[in-house]
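Numbering (mature numbering (1 follows the signal peptide of the UniProt record, and there is no 0)), first residue to last: 54 to 361.
Glycine included, every Cβ here is placed at the ideal spot set by N, Cα and C.
Here the structure is a predicted model, which is why all the values come from computation and not from measurement.
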Ligand code: XIL
C-alpha cells in the first residue's frame with residue numbers, strides 16, 4: 054500500500070498520524086483523507102483539548118469540541134493523543150493570572166490532568182533552563198510530576214509523555230529534558246515517553262545520524278520517543294527545488310524514526326498546507342505539509358512513503 058499509516062505499520066511502527074482541528078471537519082474533501090485509517094492511524098487535536106478549550110472557567114469542563122475529535126478517532130479506529138494537560142500557552146486567564154499558592158495550583162493541575170489526559174508540554178527554554186510560567190513560578194519543577202501522577206491516577210493505560218521542541222538534536226535543551234526524565238524516574242513518577250515536536254525548516258535539518266543519536270539518548274532511558282508535530286516549512290514562494298529538498302527532508306525525519314526501535318510513530322502537524330499553523334506563525338513561510346492547499350500530494354508525500 055502507498056497509504057502512509059499502512060506503510061508505517063508494515064515498517065514495524067505503531068502509527069502514522071496527523072493533527073486536526075474542529076473547523077476543518079466540515080470540509081468533506083479533507084475528511085475523506087483524514088478518516089482513511091490506512092493513511093492515518095492516530096489523531097491529535099490541535100487546539101480543542103488545550104486548557105482554554107477544556108476548562109475555560111475553574112471547574113467548568115467543556116468537552117464537546119475535544120470529544121468530537123476523540124469520537125472521530127474512535128469511529129475511525131485511530132489512536133488519540135490528548136494534547137495537552139499542562140502547557141504555558143493557550144491557558145485561560147483564571148489559570149495564568151491566578152494568585153496561586155502551591156497547594157491551590159497543585160489541586161488545580163491535579164483536577165485538570167485527571168479530567169483530561171496527559172501530555173505535559175514545553176517545560177524548558179532553548180538554553181535548557183526552566184521556562185518561567187505560572188506553573189514553574191508557583192511550584193518549581195514539581196508541576197511536571199504533579200501532572201503526570203494525576204494523569205496516571207486517572208488512566209492506568211494512557212501513555213504519558215513530555216512533549217518539547219528543539220530537543221530533536223543534541224544540546225542543552227535535549228540534555229535538560231533527559232535529566233528531567235531521569236529525575237522523574239528516580240522519584241517513581243510515571244513517564245512513558247518524550248514527544249519530539251520536529252518543526253523544521255527546509256534544508257536546515259540535522260543529519261540522519263544526529264537525529265538518530267539524539268533519539269537513542271532518550272530511548273536509552275527506557276522510554277519511548279515519538280515525532281509528535283512534524284512539519285517542514287519554507288520561505289515562500291515554493292519552488293521545484295524547495296519542494297524537492299522538502300521531500301528529502303521528510304525522508305530523513307521518517308528514516309530517523311525507522312532507525313530507532315523505541316520510536317513508536319510519527320504525527321504530522323496537520324497534513325495540508327491549507328490548514329497549517331505555519332503561515333500565521335512564521336511570517337512569509339508556509340508550504341510545510343505533505344499535501345498542498347488543494348489536497349494534492351506533494352513530493353514530500355513520496356519522501357515519507359519511501360522511508361517506511
Ligand atoms: C498551534 C495550533 O496549530 C494553532 O492552531 C494555534 O493557534 C497555536 O497552537 N507546538 C504545539 C502546538 O505544541 O500546540 C501548536 O499548535 C504548534 C506548536
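query, result
"Euclidean distance between Cα positions of residue 256 and residue 304", "12 Å"
"For residue 146, the nearest candidate out of 109, 177 and 222 (CA to CA)", "109"
"Nearest candidate by alpha-carbon position, reference residue 242, set 306, 205, 86 and 254", "205"
"Contact under 7 Å by Cβ, residue 327 with residue 299", "no"
"In DSSP terms, what residue 98 is bridged to", "73"
"Check: residue 99 C-beta below 6 Å from any heavy atom of the ligand XIL", "yes"
"At least three beta-carbon pairs within less than 8 Å, the region 211-222 to the region 184-191", "no"
"Residue 330: CB within 6 Å of a non-hydrogen atom of the ligand XIL", "yes"
"Contact test: residue 165 Cβ vs the ligand SAM heavy atom, cutoff 6 Å", "Of the ligands one can find in the structure shown, namely the ligand XIL, none is the ligand SAM."
"Rounded straight-line distance, which links the Cα of residue 74 to that of residue 330", "11 Å"
"Given 8 Å, three or more beta-carbon pairs between the region 311-323 and the region 263-275", "yes"
"Beta-carbon proximity check, residue 103 vs residue 177, cutoff 7 Å", "no"
"Continuous alpha helix (DSSP H) stretch holding residue 155: start and end", "155-168"
"Where residue 252 falls: helix, strand or coil (DSSP)", "strand"
"Extent of the continuous alpha helix (DSSP H) run through residue 83", "81-87"
"Contact between the region 64-80 and the region 93-103 (3+ Cβ pairs under 8 Å)", "yes"
"Inter-stretch contact at 8 Å, needing at least 3 Cβ pairs: the region 82-93 / the region 54-71", "yes"
"C-alpha gap between residue 163 and residue 281, whole angstroms", "24 Å"
"DSSP-derived helix/strand/coil call for residue 358", "helix"
"Exposed unless 16 or more other CB atoms sit within 10 angstroms - verdict on residue 142", "exposed"
"Nearest to residue 213 (by Cα), restricted to the options 139, 290 and 181", "139"
"Endpoints, the beta strand (DSSP E) within which residue 242 is located", "From DSSP, residue 242 is part of no beta strand (DSSP E); its letter is neither H nor E."
"Inter-residue Cα distance where the pair is residue 69 and residue 157", "39 Å"
"Outcome for residue 82 when other beta-carbon atoms lying within 10 angstroms are tallied against a minimum of 16", "exposed"
"Beta-bridge partners of residue 316, as assigned by DSSP", "278"
"Residues near residue 134 by beta carbon distance below 6 Å, same chain, minus five either side", "97"
"Residue range of the alpha helix (DSSP H) that includes residue 196", "195-207"
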